[in-house]
Amino acid sequence: MTTFAHDRITLTGLRVEANHGVLPEERQRLQPFVIDVELTVPLGVAAATDDVAATVHYGLLAERLTAAATADPVDLIETLAERLARVALEDELVDEVRLTVHKPEAPIPLPFADVAVTVVRRRPVAAVPVVLALGGNEGDREAIQQGALAALRRLPGLVVTAVSSPVETVAVTLDGPDETRPRYLNRVVLGETDLPAPQLLAALHGVERVFGRVRAERWGDRTLDLDLVTYGEARIDDRGLVVPHPRAGQREFVLAPWLELDPEAVLPGAGRVADLLARLRDG
């Protein structure tokens with residue numbers, strides 16, 4: 001049987017002018033960017049029927065990529081490449097995209113030919129519902145969490161579907177609650193992912209590091225804590241990954257914002273979140 005899993009459509013050298021970059025002067029003048037995109041598309045039906053509806057309209061694709069590339073400025077071409085890859089995957093015929101963004105006039109004070117970032121993204125399959133918990137008590141808590149939420153929304157393989165209101169709580173240490181420590185700001189995030197649980201947890205730890213998390217003291221002060229509370233109905237206890245989170249059912253700052261987002265929520269192996277919260281508040 002013949003398959004078409006490796007069919008490709010390639011568009012190279014798409015030139016746009018935009019204001020992406022970290023430096024102020026990069027935001028003040030238009031710079032050239034060049035986009036190369038390779039799509040994995042099953043082309044057997046298009047070849048057999050000679051029907052344009054059975055393939056990707058690369059003219060429209062070029063227009064959509066140009067519109068996305070010239071929209072809101074970002075600091076990194078990594079971020080821009082991620083945005084453009086998602087645009088390419090909006091076409092339901094596309095199984096995978098390999099996309100490169102070139103920045104030939106990057107501000108490098110040495111002779112060079114090109115700077116480019118390439119990302120490869122696949123269409124998500126078998127999405128798993130996840131619950132994440134955010135917390136932190138150091139620095140500008142709200143600004144840090146808003147930055148972390150933006151990073152989560154851009155994370156490949158994760159779709160954020162809901163974010164709770166913030167909840168402020170006293171710091172808890174190994175010796176118990178400590179009113180002398182800075183207070184925590186907490187949120188719960190609902191989402192869907194096609195990432196394996198270990199890979200998702202590694203990505204969450206990566207976001208923590210970006211926002212200054214240092215694991216120097218257990219239950220110590222931190223800028224950002226990102227916990228994987230649930231991963232579908234999975235029960236995992238393997239090499240540092242424990243899901244559901246073993247203390248989620250004992251934490252009002254997890255249960256209350258989670259219940260706000262989903263009144264029918266269930267913590268696998270423990271029961272309805274509403275019942276867990278009620279028992280916790282009753283002591």
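For the sequence shown, position 84 (counting from the first letter as 1) is numbered 84 according to the numbering used here, and the numbering increases by one without interruption. Even glycine gets a Cβ: it sits at the ideal position worked out from N, Cα and C.
Between which two residues does the alpha helix (DSSP H) harbouring V22 extend? That residue, V22, is in no alpha helix (DSSP H); it is neither H nor E in DSSP.
Which whole-angstrom value is the C-beta distance of A197 and L228, which I expect to be below 8 Å? At roughly 7 Å, the Cβ-Cβ gap stays under 8 Å, so A197 and L228 are in contact.
Report the residue ranges of all alpha helix (DSSP H) runs contained in full by the region 112-176; include only those spanning at least 4 residues, in chain order. As far as the region 112-176 is concerned, its whole alpha helix (DSSP H) runs of at least 4 residues are 141-154.
C-alpha distance - A53 paired with V41, whole-angstrom precision: So the alpha carbons of these two residues sit roughly 13 Å apart.
Three-state class that DSSP yields for V45 in the structure shown: Residue state, collapsed to three classes: helix.
Can the beta-carbon of T284 be found less than 9 Å from the beta-carbon of Y184? Examination of residue 284 is not possible in this model, given that the chain is present from 1 through 283 alone.
For A151, tell me which candidate among P104, G176 and R209 has the shortest Cα-Cα distance. For the options P104, G176 and R209, the alpha carbon positioned closest to that of A151 is the one of R209.
Hey, out of V131, E260 and D36, whose CA is closest to R15's CA? Selected option, being the one with the closest Cα: D36.
Tell me, to the nearest whole angstrom, how far the beta carbon of V97 is from that of L39; I am working on the premise that it is less than 8 Å. So it is a contact: roughly 6 Å between Cβ atoms.
Have a look at A143, L201 and A148 and flag the residue whose alpha-carbon is nearest the alpha-carbon of V130. The shortest Cα separation from V130 among A143, L201 and A148 belongs to L201.
My output table needs one value for M1: the three-state DSSP class, helix, strand or coil. In this prediction, M1 scores a pLDDT of 34, lower than 50, which makes its location untrustworthy; the coordinate-derived value is nonetheless stated afterwards. In this structure, M1 counts as coil in the three-state DSSP scheme.
Reducing DSSP to helix, strand and coil, say where P257 ends up. In the structure shown, P257 adopts helical secondary structure according to DSSP, grouped into three states.
Between the region 104-111 and the region 23-33, do at least 3 Cβ pairs fall closer than 8 Å? Touching, yes.
D237 - partner residues in DSSP beta bridges: DSSP, once it has assigned bridges, lists V242 as partnering D237.
Sequence-distant residues of its chain with Cβ nearer than 6 Å to M1 (five each side left out): Note that M1 scores 34 on pLDDT, short of 50, meaning its location in the model is unreliable and no value can be drawn from it.
Should the region 258-268 be called in touch with the region 155-171, which here means at least 3 C-beta pairs below 8 Å? Short answer: they touch.
In the DSSP output, which residue or residues are listed as bridge partners for G271? Answer is L267.
On the criterion of 16 or more Cβ atoms from any shown chain inside 10 Å, does T180 qualify as buried, or is it exposed? Exposed is the call here.
In DSSP terms, what F211 is bridged to: Looking at the DSSP assignment, F211 forms no beta bridge with any residue, so it has no partner.
Nearest-angstrom Cα separation, counted from L204 out to R239: Answer to the nearest angstrom: the Cα atoms are 16 Å apart.
Nearest to L158 (by Cα), restricted to the options Q146, R279, D194 and L93: The residue among Q146, R279, D194 and L93 with its C-alpha nearest the C-alpha of L158 is D194.
Please say whether E138 and T161 have beta carbons closer to each other than 9 Å? T161 places its beta carbon 9 Å or farther from that of E138.
Enclosing alpha helix (DSSP H) for E38 [first to last residue]: Taken as a continuous stretch (DSSP letters only), E38 belongs to no alpha helix (DSSP H), being part of the beta strand (DSSP E) at Q31 to T40.
Go ahead and label A133 buried or exposed: buried means 16 or more other beta carbons lie within 10 angstroms of its beta carbon, across all protein chains shown. So A133 counts as buried.
CB of L84 within 9 Å of CB of A69, strictly: In this structure, A69 lies closer than 9 Å to L84 by Cβ.
State buried or exposed for P250, treating a residue as buried only when at least 16 other CB atoms are found within 10 Å of its CB. Before going further, note that residue 250 is Gln rather than Pro in the sequence given. Under a 10 Å Cβ-count criterion, Q250 is classified as exposed, with fewer than 16 other Cβ atoms of the shown protein chains found around its own Cβ.
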